[in-house]
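**Student:**
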Amino acid sequence: MRKPSRRIPLRLILANLAVVLCVGSSALAWKEHMHKGQLTPMALDLVRLLHSGSYPGEIWETFRAFIEQGAWDEDFPCRFSGVRANNHYYHAITGRGLTDAPWLGLRDPDVDALTWALSNAKLTAAEEFSGGADWAFGNWGWTPADVDLGDMSWKKAVERYGYTEDAKKLAYYTLGFLCHLLQDMGVPEHVHDDPHGASGYTGFELWVWRNWDRLKPPFLDDLKPRKFDTLEAFFKNLARLGYSTDRFKGGELVRGSADLASSDLGKMFRVRYDKTWKEWVLRNPQRKRILGLTSPGGGTNFLNWAFKWNQNAYLRSPIWTKGHDQGEWWPTSVEIPGSKLNDEEGYYYLELSGDLPGEPFNAAADPGRSLYPAAFLPSPLPEVAEQCQTWRAPSAEGLHLYSLIGSRILPAVVEHTAGLIEHFFDIVNHPPFVRSLEISQSGGPKYTFYWEDKKDPPPPSRTISDISRRILTVELESPTGGWTEAVGLGPGKALIRIVFSEPVRPVDVKVGGATVFGFLDESETVWTAEIAIDPDGPPEETREVAISAEDKNNHFGNEGGTLDGDPSTPARRIADYPDYRWTNYESGEGTRFFFRIKRN
0 MRKPSRRIPL RLILANLAVV LCVGSSALAW KEHMHKGQLT PMALDLVRLL HSGSYPGEIW
60 ETFRAFIEQG AWDEDFPCRF SGVRANNHYY HAITGRGLTD APWLGLRDPD VDALTWALSN
120 AKLTAAEEFS GGADWAFGNW GWTPADVDLG DMSWKKAVER YGYTEDAKKL AYYTLGFLCH
180 LLQDMGVPEH VHDDPHGASG YTGFELWVWR NWDRLKPPFL DDLKPRKFDT LEAFFKNLAR
240 LGYSTDRFKG GELVRGSADL ASSDLGKMFR VRYDKTWKEW VLRNPQRKRI LGLTSPGGGT
300 NFLNWAFKWN QNAYLRSPIW TKGHDQGEWW PTSVEIPGSK LNDEEGYYYL ELSGDLPGEP
360 FNAAADPGRS LYPAAFLPSP LPEVAEQCQT WRAPSAEGLH LYSLIGSRIL PAVVEHTAGL
420 IEHFFDIVNH PPFVRSLEIS QSGGPKYTFY WEDKKDPPPP SRTISDISRR ILTVELESPT
480 GGWTEAVGLG PGKALIRIVF SEPVRPVDVK VGGATVFGFL DESETVWTAE IAIDPDGPPE
540 ETREVAISAE DKNNHFGNEG GTLDGDPSTP ARRIADYPDY RWTNYESGEG TRFFFRIKRN
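Be aware that the sequence shown starts at 0, since it is given in numbering that gives the first Met the number 0, and climbs by one per residue.
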């Protein structure tokens, strides 16, 4: 009688070799090409298509390449250590990371994906950054200190966003890492307790990548960015959706049970009990062999003989069932051994990984696995059931199980990614301020007020500097030349020109307490108006210019949208998740400006 081996499963050996040696792909998630080339670009395009009026082009245009490259680089580095990819798992119900393969962590303390996203574990340069060599694809020129030895967490993404282009580049690059982690929550294996090989070994992920054009959402405007108030909510919601795509109700496994045959699982596959091996086996309804020596593509997989659930083997060694990927399925109620937080009884998970090497050896991964159910009848978790109302199909129409799952989850992955990108900008978006003000008369005096940015040198071993303070400069030009407080504007027309730091909504300007009506230009950053100075009045007086405006772009919690009244100290968000308080922000009217009128 066949017995489960106590040896380390072949799949896990192959996976770890792939991670350590970087053979082919080191990703333990969506094909890394999908993170950079499909999922993240589509999310950026979705933000541009639907919300270009509320979000700036710096997101989808100026710094696009940095977000996309970061989405790739979360799978790296893997030189001598696969530390990043081992933290890409988050069980949708228990919130735990991988439980059955702790030795895969090598030198780092593996954590679940949400914990990893919030604050990367503190590691060494050799473990996380390898001196920068592994993240050289973009040739950014950053140092290990710039990226805090590979800490690409949400906290660091918020902290790194500054006022200079260099600071924004690194912040958006870091955001790409977070997009990758969130996208992994749409992979069923990453939200179940199911260790699996790199993307070159995993049939589902290779299948979706190779069939992207057929499985992707056909119309971008059918999608909508999904927004949540916390990073935790983003991860939990998508994880529950990813979990739900591969959760099928089968009830109690009883031989000859009519209830089993009429269950969702029974309508999808023929469920049979093998008395010889004492295990439950799934078969395609058209009586095609699910696993065998050959496949329609001509590949071979001599290790795969059955798609089975063997309770005794699982109880003796859960890692054998989960790790060797010979075609297994199991009750979700026993997924994490010893846990009281597992799924309720009666639901089953079908493993989507294959064992034989795929991409690195120029062959299809798990080529013998041909899963063609008669129907597609997942049972979503109650928390997300309303979001999955169109998923079930009484007829699978000859589609592969991988295609059925991929076509359901890909829209949600793109929508959550787009929502996370918007959420990030909502948090870090600086409040607007009056960059400069000019009041002038044709052929006469001109007042100019402007804030001049000041930067300090970057700290030792770092290359990025940001705006640390601003100095208000006041200039007065007169027809006779020079600057003198004795000069003032005279009776007649005067032009006011205000430049804002970023696009703003309708502007309210008062001169001497009276409202002035003006116009914003096409960029929505320059406001101009004409005022009249009455010849009647005191020989000399000082008038105040008070300016109010609101940011055109969104802000988290509706805070930070009004003008910063004191731009001398640049306003920033504090990365105190989930509150994100402001520092150095004086909300209200812009700095009040004063000019002199002389009637001689």
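Note that CB positions come from ideal geometry on N, CA and C, so glycine has one too.
1. Pairs of beta-carbons, one from the stretch 382 to 398 and one from the stretch 216 to 224, closer than 8 Å: are there three or more?
2. Can you list, in chain order, the residues of its chain with a C-beta nearer than 7 Å to that of Y584? Leave out the 5 residues immediately preceding and following it.
3. Please confirm whether C178 and T61 have their CB atoms less than 8 Å apart.
4. How about I463 and D72: are their beta carbons less than 8 Å apart?
5. In this structure, how does DSSP classify G367 when only helix, strand and coil are distinguished?
6. What are the residues that DSSP puts in a beta bridge with A601?
7. Determine the closest residue to H399 out of G94, R213, I596 and E344, with distance taken between C-alpha atoms.
8. Which of the three DSSP states is assigned to E540 in this structure?
9. In its own chain, which residues sit with a C-beta less than 7 Å from the C-beta of V510, not counting the 5 before and 5 after it?
10. Short of 7 Å in beta carbon distance, which residues of its chain neighbour T173, apart from the five on each side in sequence? Order them along the chain.
11. DSSP on W308, reduced to helix/strand/coil?
12. Does the distance from the C-beta atom of T590 to that of V433 stay below 8 Å?
13. Quick check: F448 and S460, are their CB atoms within less than 8 Å of each other?
14. Touching or not, the stretch 403 to 420 and the stretch 272 to 287, by the rule of three or more beta carbon pairs under 8 Å?
15. Out of R468, P444, K445 and P502, which one is the CA nearest neighbour of D455?
16. Which one or two residues does DSSP pair with E549 in a beta bridge?
17. How far does the beta strand (DSSP E) with K453 in it reach, from first residue to last?
18. Whole angstroms is fine: what's the gap from G487's alpha carbon to I596's?
19. In three-state DSSP terms, what is G337?
20. What residue does the beta strand (DSSP E) around A232 start on, and which one ends it?
21. Is it buried or exposed for R580, if we count other Cβ within 10 angstroms and need 16 for buried?
22. Beta-carbon within less than 8 Å of L48's beta-carbon, same chain only, minus the 5 sequence neighbours each way: which residues are those?
23. Just to confirm the assignment, what range does the beta strand (DSSP E) spanning V508 have?
24. According to DSSP, is G491 helix, strand or coil?
25. Roughly how far, in whole angstroms, is the beta-carbon of K248 from the beta-carbon of S378, given that I think they are within contact range, below 8 Å?
26. By DSSP, does E523 sit in helix, in strand, or in coil?
27. So what does Y348 bridge to, in DSSP terms?
28. Expressed to the nearest angstrom, what Euclidean distance is found between the alpha-carbon atoms of A493 and S439?
29. Who are the Cβ neighbours of D550 in its own chain at under 8 Å, not counting the five residues just before and after it?
30. Along the chain, where does the alpha helix (DSSP H) that runs through I420 open and close?
31. According to DSSP, simplified to helix, strand and coil, what is K248?
32. Run the CB neighbour count on N412, radius 10 Å, all protein chains shown included, and call it buried at 16 or more, exposed below.
33. Over what stretch of residues does the beta strand (DSSP E) that includes I438 continue unbroken?
34. Which residues mark the beginning and the end of the alpha helix (DSSP H) in which A166 is found?
35. For S586 and E523, what's the separation of their Cα atoms in angstroms?
36. Is T416 buried or exposed, if buried means 16 or more other CB atoms sit within 10 Å of its CB?
**Tutor:** To lay it out plainly:
1. no
2. P430, G559, D563 and A570
3. Not closer than 8 Å, so no.
4. no
5. Residue placement at G367 is poorly supported in this model, since its pLDDT is 44, which falls under 50; the coordinates still yield a value, given next. Coil, per DSSP.
6. Absent from the model: residue 601. The displayed extent of the chain is 0 to 599, so no value can be given.
7. R213
8. Annotated three-state conformation of E540 is strand, per DSSP.
9. Closer than 7 Å at the Cβ level, and outside the excluded window around V510, lie I530, R542 and V544.
10. G69, M151, K155, A156 and R159
11. strand
12. Closer than 8 Å, so yes.
13. Cβ distance not < 8 Å, so F448 and S460 don't count as in contact.
14. no
15. Closest option to D455, Cα to Cα, is R468.
16. T561
17. That run of the beta strand (DSSP E) goes K445 to K454.
18. 5 Å
19. coil
20. Not the beta strand (DSSP E): A232 falls in the alpha helix (DSSP H), residues L230 to S243.
21. exposed
22. L219 and D220
23. It spans D507 to V510 - the beta strand (DSSP E) in which V508 sits, taken as one unbroken run.
24. strand
25. 4 Å
26. coil
27. W329
28. 5 Å
29. N428, P430, P431, E501, P502, V503, R504, G559, G560 and T561
30. L400 to V427
31. strand
32. Correcting the residue type first, residue 412 is Val in the shown sequence and not Asn. Classification of V412: buried, given that the 10 Å Cβ count is 16 or more.
33. First-last of the beta strand (DSSP E) with I438: V433 to S439.
34. Note, A166: alpha helix (DSSP H), E164 to D183.
35. 20 Å
36. buried
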